[in-house]
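Novice: Following this message is one structure expressed as structure tokens.
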Amino acid sequence: MILKRQTVWLLTMLSLIIVLSVYYISMDRVQDPQTAVTDIEETTNDESMEEELEFEWVDGDDITFVELDDVEDVLGDAGLSEQMNTDEMFDTIRLQRQDARGRLNEEYTNVIVSAETDPEIQVEALEKIENLQAMSQQEEMVETIIRSKGYEDALVMTEDNQVNIYVKSNELTTEQVTEINQLAYEHLGIESIRVGFHAGD
Numbered sequence: 001m002i003l004k005r006q007t008v009w010l011l012t013m014l015s016l017i018i019v020l021s022v023y024y025i026s027m028d029r030v031q032d033p034q035t036a037v038t039d040i041e042e043t044t045n046d047e048s049m050e051e052e053l054e055f056e057w058v059d060g061d062d063i064t065f066v067e068l069d070d071v072e073d074v075l076g077d078a079g080l081s082e083q084m085n086t087d088e089m090f091d092t093i094r095l096q097r098q099d100a101r102g103r104l105n106e107e108y109t110n111v112i113v114s115a116e117t118d119p120e121i122q123v124e125a126l127e128k129i130e131n132l133q134a135m136s137q138q139e140e141m142v143e144t145i146i147r148s149k150g151y152e153d154a155l156v157m158t159e160d161n162q163v164n165i166y167v168k169s170n171e172l173t174t175e176q177v178t179e180i181n182q183l184a185y186e187h188l189g190i191e192s193i194r195v196g197f198h199a200g201d
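Shown next as structure tokens:
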């Protein structure tokens with residue numbers, strides 16, 4: 001029985017090493033060095049943030065539009081500075097998303113490497129790491145596709161079977177939003193999608 005547990009633990013560790021290696025390689029490849037920062041100022045002044053960086057919405061019968069407050073819901077307590085321009089806001093949200101995912105990966109890794117954790121729980125934590133990595137790659141793919149459509153920038157954030165998409169654009173037509181919804185559904189497989197846009201500076 002002890003030998004079996006050791007074998008399962010060893011296989012789990014090897015799988016973790018492979019997954020983390022692929023994850024860090026992919027993160028190094030997609031990260032923009034011009035927008036990478038090591039320290040992000042945090043603020044809880046949500047009201048001022050909304051006044052400075054307000055998203056505009058397009059009316060549509062079958063389209064739900066995302067509010068800027070939802071960025072706080074996804075990222076946690078870290079806020080956005082009211083002095084940020086649109087470029088800085090998008091870059092900061094992207095970095096905060098990456099940092100939040102990194103903390104989740106660290107928590108799952110701690111579960112896996114703990115000698116006191118049952119093998120079944122370790123395998124479950126490994127699956128969560130793999131799912132998180134796959135979701136991040138899919139989000140980045142959708143962002144790239146949206147930018148290829150002529151939009152200046154895009155953010156795709158998935159949380160609890162809900163996709164929030166932020167597009168940097170002066171306006172969005174109902175047809176454009178429908179197209180964004182469709183391509184997001186094709187790549188993410190999630191039906192609940194909300195789209196908002198913010199004009200560039």
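Quick note on our numbering: the sequence shown kicks off at 1 and runs consecutively.
All residues carry an ideal CB built from backbone N, CA and C; glycine is no exception.
With DSSP as the reference, please indicate the residues paired to A154 in a beta bridge.
Specialist: Residue numbering aside, residue 154 sits at position 154 when the sequence shown is read from its first letter. V167.
Novice: Report all residues from its chain with a CB closer than 8 Å to the CB of G150; omit the five preceding and five following residues, and keep chain order.
Specialist: By 1-based counting over the sequence shown, the position of residue 150 is 150. Cβ within range, chain order: n/a, list empty.
Novice: Does chain C have any CB closer than 8 Å to the CB of V177?
Specialist: Protein chain content of the structure displayed is limited to a single chain, and chain C is not contained in it.
Novice: What would DSSP say about E107, mapped onto helix, strand or coil?
Specialist: Mapped onto the sequence shown, residue 107 falls at position 107. It is helical.
Novice: Near A184, what residues of its chain come up, given a Cβ to Cβ distance below 8 Å and the 5 sequence neighbours on each side ignored?
Specialist: By one-based count along the sequence shown, residue 184 stands at place 184. V142, V156, V163, I165, I190 and I193, listed in sequence order.
Novice: Quick one: using the 10 Å Cβ neighbour count with 16 as the cut-off for buried, is G261 buried or exposed?
Specialist: For the chain, the structure presents residues 1 to 201; residue 261 sits outside this window and is missing.
Novice: In whole angstroms, give me the CA-to-CA distance for N131 and G102.
Specialist: Counting from one through the sequence shown, the residue named residue 131 turns up at place 131. Counting from one through the sequence shown, the residue named residue 102 turns up at place 102. Computed Cα separation, rounded: 13 Å.
Novice: If you run the structure through DSSP and keep just helix, strand and coil, what is A199?
Specialist: Here the question's residue 199 lines up with position 199 in the sequence shown. It is coil, neither helix nor strand.
Novice: Can you tell me whether A125 is buried or exposed? The criterion is at least 16 other CB atoms within 10 Å of its CB, across all chains shown.
Specialist: The residue given as residue 125 occupies position 125 in the sequence shown. Its Cβ being crowded by 16 or more others within 10 Å, A125 is buried.
Novice: Check E143 in the structure and name its three-state DSSP category.
Specialist: Counted from its first residue, the sequence shown places residue 143 at position 143. Three-state result, E143: helix.
Novice: How many Å lie between L188 and P119 at the Cα?
Specialist: Here residue 188 refers to the residue found at position 188 when the sequence shown is read from its first residue. Here residue 119 refers to the residue found at position 119 when the sequence shown is read from its first residue. Between L188 and P119, the C-alpha separation is close to 30 Å.
Novice: Would you decide whether I121 is buried or exposed? Buried here means 16 or more other CB atoms lie within 10 Å of its CB.
Specialist: Counting from one through the sequence shown, the residue named residue 121 turns up at place 121. Looking at its Cβ environment, which holds fewer than 16 other Cβ atoms inside 10 Å, I121 is exposed.
Novice: Go ahead and label T173 buried or exposed: buried means 16 or more other beta carbons lie within 10 angstroms of its beta carbon, across all protein chains shown.
Specialist: Against the sequence shown, residue 173 aligns to sequence position 173. Looking at its Cβ environment, which holds fewer than 16 other Cβ atoms inside 10 Å, T173 is exposed.
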